[in-house]
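Q: Have a look at this one.
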């Protein structure tokens with residue numbers, strides 16, 4: 001179910017598994033100032049979701065921001081064939097069956113440039129591109145800030161304790177997912193330059209205040 005998170009920004013949170021572990025997943029929909037919608041990490045497009053999204057406006061852009069957030073893009077391509085479909089770098093090779101119209105990077109596409117900024121977080125192995133909705137000061141990400149400690153499954157929460165994942169982006173696996181710490185520092189600093197208040201992350205509870213401090217704390221280990 002789409003629920004309001006900030007002005008002209010909605011989220012849909014659902015159960016979801018990765019490697020058999022319940023981690024939850026989340027889609028973000030942004031209403032663009034020029035009209036239409038920007039969809040981040042699209043979820044399965046059942047009839048109810050299609051009606052709810054359609055009631056908000058025409059889908060103008062759909063982004064698969066991470067190598068792990070792409071499963072349902074094809075359903076959206078069928079429903080809104082005129083939209084821009086953008087993949088994180090490398091996903092166009094992983095999913096050659098999908099006719100992506102753009103590959104994401106540091107330069108914003110003209111469809112959402114008036115509303116969102118972005119940084120290609122290439123230092124992480126997910127090849128994620130993170131976004132910032134300027135109007136609501138909301139960071140929108142997929143895997144760059146993982147927080148399994150708030151997932152309802154007790155098995156997942158136990159795994160989170162073993163990982164040291166007690167807050168967004170915390171725990172030893174984050175170090176394994178970072179391929180170049182020097183590059184990571186530069187890219188994190190670029191993201192921290194945004195005036196972040198709230199954070200929408202794909203796995204775990206959203207952050208409703210002090211988002212910049214949360215991000216800074218998550219990557220404090222990066223030299």
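In this note's numbering, the protein residues as written are 1 to 223. Even glycine gets a Cβ: it sits at the ideal position worked out from N, Cα and C.
DSSP state of residue 191, grouped into three classes?
A: Here residue 191 is taken as the residue at index 191 of the chain shown, counted from 1. If DSSP states are grouped into helix, strand and coil, residue 191 belongs with the helices.
Q: The alpha helix (DSSP H) that contains residue 156, what's its start and end?
A: As a first step, residue 156 must be located in the chain shown, where it is residue number 156. Where residue 156 is concerned, the enclosing alpha helix (DSSP H) stretches over 154-163.
Q: According to the Cβ coordinates, are residue 62 and residue 53 closer than 8 Å?
A: Reading the chain shown from its first residue, position 62 is the one you call residue 62. Reading the chain shown from its first residue, position 53 is the one you call residue 53. No, the pair does not count as a contact, with Cβ atoms beyond the cut-off.
Q: Ends of the beta strand (DSSP E) at residue 60?
A: The residue given as residue 60 occupies position 60 in the chain shown. Taken as a continuous stretch (DSSP letters only), the beta strand (DSSP E) holding residue 60 covers 59-64.
Q: Where does residue 65 land, buried or exposed, given buried means 16+ other C-beta within 10 angstroms?
A: As a first step, residue 65 must be located in the chain shown, where it is residue number 65. With 16 or more other Cβ atoms within 10 Å, it is buried.
Q: Evaluate contact between the stretch 1-11 and the stretch 136-146, counting only Cβ atoms and requiring at least three cross-stretch pairs below 8 Å.
A: Yes, since at least three Cβ pairs between the stretch 1-11 and the stretch 136-146 fall closer than 8 Å, the two stretches touch.
Q: Whose C-beta lies closer than 7 Å to the C-beta of residue 232 among residues of the same chain, with five residues either side of it excluded?
A: Since the first and last residues shown for the chain are 1 and 223, residue 232 lies out of range.
Q: In this structure, what does DSSP give as the bridge partners for residue 199?
A: In the chain shown, counting from the first residue as 1, residue 199 sits at position 199. Its beta-bridge partners are 139 and 207.
Q: With a CB to CB cut of under 7 Å and the five nearest residues on each side skipped, what residues in its chain are close to residue 92?
A: Locating residue 92 in the chain shown gives position 92, where the first residue counts as 1. Taken in chain order, the residues that qualify are 100 and 103.
Q: Can you name the start and end residues of the alpha helix (DSSP H) that residue 123 belongs to?
A: Here the question's residue 123 lines up with position 123 in the chain shown. Residue 123 -> no alpha helix (DSSP H), and no H or E assigned at all.
Q: Kindly confirm or deny that the stretch 166-178 and the stretch 137-155 touch, where touching means at least three C-beta pairs closer than 8 Å.
A: Contact between the stretch 166-178 and the stretch 137-155 is present, because at least three Cβ pairs lie under 8 Å.
Q: DSSP state of residue 54, grouped into three classes?
A: Sequence index remark: in the chain shown, residue 54 carries index 54 (1-based). DSSP places residue 54 in helix when its eight states are reduced to three.
Q: Could you give the residue range of the beta strand (DSSP E) that holds residue 25?
A: Counting from one through the chain shown, the residue named residue 25 turns up at place 25. Segment 25-31, the beta strand (DSSP E) holding residue 25.
Q: Compare the beta carbon distance of residue 140 and residue 200 with 8 Å and say whether it is the shorter of the two.
A: Start at 1 with the first residue of the chain shown, and residue 140 comes out as number 140. Start at 1 with the first residue of the chain shown, and residue 200 comes out as number 200. The answer is yes: Cβ separation under 8 Å.
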